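Chains as they are written, first to last, in the numbering used here: chain A, 200 to 305; chain B, 550 to 869.
Every residue, glycine too, gets a C-beta built ideally from N, C-alpha and C.
Predicted model only: the values in this text are computed from it and were never measured.
Notes for the one structure printed next.
Shown next, in the form of structure tokens:
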């Protein structure tokens with residue numbers, strides 16, 4: 200019996216942005232405009248150098264926004280975020296490389 | 550028992566106490582959401598049932614006065630906030646919270662009036678819905694006032710269209726106005742089948758919501774030390790002054806004793822649900838925690854514990 204063919208994997212960039220929930224709408228709009236095709240949002244809580252954001256009140260809610268896209272698109276989104284939101288909002292972001300199976304979806 | 554404190558307020562104190570002793574009590578997020586939707590709809594419905602009986606000639610001046618009062622409050626408070634050494638953005642965002650209103654403070658005031666047997670205009674929920682937005686607009690104008698192009702972070706123009714959408718179709722105004730409309734269309738008879746859910750258990754639900762607010766306000770108390778005197782001075786000083794302006798407006802409109810008390814309460818109350826969200830987007834450079842601490846940890850407890858009884862006494866005195 201032949202072994203199954205290995206799945207073809209393609210490298211993409213995963214951009215993760217942790218921030219105040221108030222930014223969700225604006226960030227998703229910016230990301231789509233920059234060329235991101237999909238995104239995932241989760242409610243999270245945590246803390247950092249500026250204090251604890253425990254999410255017990257509407258104004259304290261936080262999200263994690265994940266975007267898998269081309270490296271250049273992730274770069275563009277991150278540049279915009281750094282320029283526009285970092286000065287006034289609690290926000291952290293990071294990139295990593297991920298492998299996807301259907302590259303046209305990202 | 551001669552309790553002068555309304556039973557719902559005791560739930561607020563219980564919540565605050567739980568937070569102070571670091572209890573693990575925490576209301577599930579979904580329940581909090583459910584309770585707030587319920588309260589907004591129920592308040593709207595109750596007001597709507599009465600609304601259909603009011604002639605437009607009575608309502609129009611009331612709506613206009615509420616718009617003007619909500620818009621004027623931030624401009625009146627702003628010099629005080631600046632005198633307390635708050636920077637422009639912080640002062641503007643803070644006074645916007647006071648221009649907007651607190652639905653729960655309003656609900657506690659109606660409960661207090663009900664208990665005291667003082668009648669009030671049943672369509673008062675309309676005033677609440679109208680007073681939600683004007684103060685926010687005024688606050689944003691104050692934040693933008695005289696702003697140059699220089700600062701990179703502030704260059705973003707205020708997106709008024711998006712802001713209007715978020716405020717007018719945000720859950721508070723949408724549910725209040727939706728409830729008002731449904732109540733007005735259905736009337737007393739039409740709403741009879743849903744009375745058992747939306748009208749009768751109102752106070753019990755309000756008590757549960759106040760338990761949650763007590764928890765949140767209690768969590769904010771330690772932050773008072775961080776922001777110092779300005780938050781305390783505005784948080785405790787503004788409500789009585791604004792209540793006078795509200796009472797004067799109520800008198801000018803020829804409202805009943807209960808109506809004058811409610812108008813005073815609305816003017817004195819500070820928003821801690823709609824305003825923080827709107828200000829975070831429109832005035833991002835402002836310190837959000839400062840405004841919330843003043844509105845929720847200082848002004849809200851002050852109003853429901855001390856303010857409302859005073860506003861009712863004031864209204865009695867003025868309309869006597």
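Residue i versus the options, residue with shortest Cα-Cα distance
| i | options | result |
| --- | --- | --- |
| residue 261(A) | 270(A), 230(A), 272(A), 247(A) | 247(A) |
| residue 743(B) | 590(B), 787(B), 689(B) | 590(B) |
| residue 656(B) | 611(B), 598(B), 751(B) | 751(B) |
| residue 562(B) | 811(B), 736(B), 765(B), 623(B) | 765(B) |
| residue 823(B) | 856(B), 595(B), 837(B) | 837(B) |
| residue 626(B) | 674(B), 604(B), 788(B), 827(B) | 788(B) |
| residue 708(B) | 693(B), 722(B), 721(B) | 693(B) |
| residue 568(B) | 762(B), 652(B), 863(B) | 762(B) |
| residue 711(B) | 842(B), 722(B), 830(B), 643(B) | 830(B) |
| residue 596(B) | 770(B), 577(B), 675(B) | 675(B) |
| residue 819(B) | 644(B), 602(B), 599(B) | 644(B) |
| residue 558(B) | 868(B), 855(B), 859(B), 863(B) | 855(B) |
| residue 719(B) | 586(B), 847(B), 691(B), 851(B) | 586(B) |
| residue 225(A) | 279(A), 294(A), 268(A) | 279(A) |
| residue 828(B) | 768(B), 857(B), 642(B) | 642(B) |
| residue 614(B) | 730(B), 599(B), 801(B), 759(B) | 801(B) |
Three-way DSSP call (helix, strand, coil) for residue i in this model
| i | result |
| --- | --- |
| residue 852(B) | helix |
| residue 870(B) | Residue 870(B) falls outside the range modelled here, since chain B spans only 550 to 869, and no answer is possible. |
| residue 209(A) | strand |
| residue 670(B) | coil |
| residue 869(B) | coil |
| residue 570(B) | coil |
| residue 240(A) | strand |
| residue 303(A) | helix |
| residue 294(A) | strand |
| residue 558(B) | helix |
| residue 214(A) | strand |
| residue 633(B) | coil |
| residue 834(B) | coil |
| residue 857(B) | helix |
| residue 743(B) | helix |
| residue 234(A) | coil |
| residue 695(B) | coil |
| residue 822(B) | coil |
| residue 269(A) | coil |
| residue 204(A) | coil |
| residue 719(B) | coil |
| residue 841(B) | helix |
| residue 262(A) | strand |
| residue 219(A) | strand |
| residue 683(B) | helix |
Contact check, residue i vs residue j, beta carbons under 9 angstroms
| i | j | result |
| --- | --- | --- |
| residue 654(B) | residue 861(B) | no |
| residue 243(A) | residue 222(A) | no |
| residue 272(A) | residue 212(A) | yes |
| residue 825(B) | residue 284(A) | no |
| residue 265(A) | residue 227(A) | no |
| residue 813(B) | residue 793(B) | yes |
| residue 276(A) | residue 230(A) | yes |
| residue 780(B) | residue 629(B) | no |
| residue 670(B) | residue 790(B) | no |
| residue 815(B) | residue 636(B) | no |
| residue 845(B) | residue 256(A) | yes |
| residue 755(B) | residue 588(B) | yes |
| residue 695(B) | residue 622(B) | no |
| residue 594(B) | residue 786(B) | no |
Within-9 angstroms CB hit, residue i to chain B
| i | result |
| --- | --- |
| residue 284(A) | yes |
| residue 258(A) | yes |
| residue 221(A) | yes |
| residue 233(A) | no |
| residue 293(A) | no |
| residue 225(A) | yes |
| residue 287(A) | yes |
Chain A within 9 angstroms of residue i, Cβ atoms only
| i | result |
| --- | --- |
| residue 798(B) | no |
| residue 669(B) | no |
| residue 765(B) | yes |
| residue 774(B) | no |
| residue 602(B) | no |
| residue 702(B) | Confidence at residue 702(B) is low in this model, with a pLDDT of 46, below 50, so its placement is unreliable and the value that follows should be read with caution. It does: the Cβ of residue 702(B) has a partner Cβ on chain A nearer than 9 angstroms. |
| residue 587(B) | no |
| residue 681(B) | no |
| residue 741(B) | no |
| residue 826(B) | yes |
| residue 771(B) | no |
| residue 839(B) | no |
Any non-hydrogen atom of the ligand SAH closer than 8 angstroms to residue i Cβ
| i | result |
| --- | --- |
| residue 565(B) | Questions concerning the ligand SAH fall outside what the structure shown contains, since it holds no ligand whatsoever. |
Entirely enclosed alpha helix (DSSP H) segments - the segment 752 to 814 of chain B, minimum 4 residues | When DSSP assignments are scanned along the segment 752 to 814 of chain B, the uninterrupted stretches of alpha helix (DSSP H) that are 4 or more residues long and fall wholly within it turn out to be 773 to 776, 778 to 801.
Of all the alpha helix (DSSP H) runs that stay within the bounds of the segment 572 to 626 of chain B, which reach a length of 4 or more residues?
-> Here the runs fully enclosed are 578 to 600.
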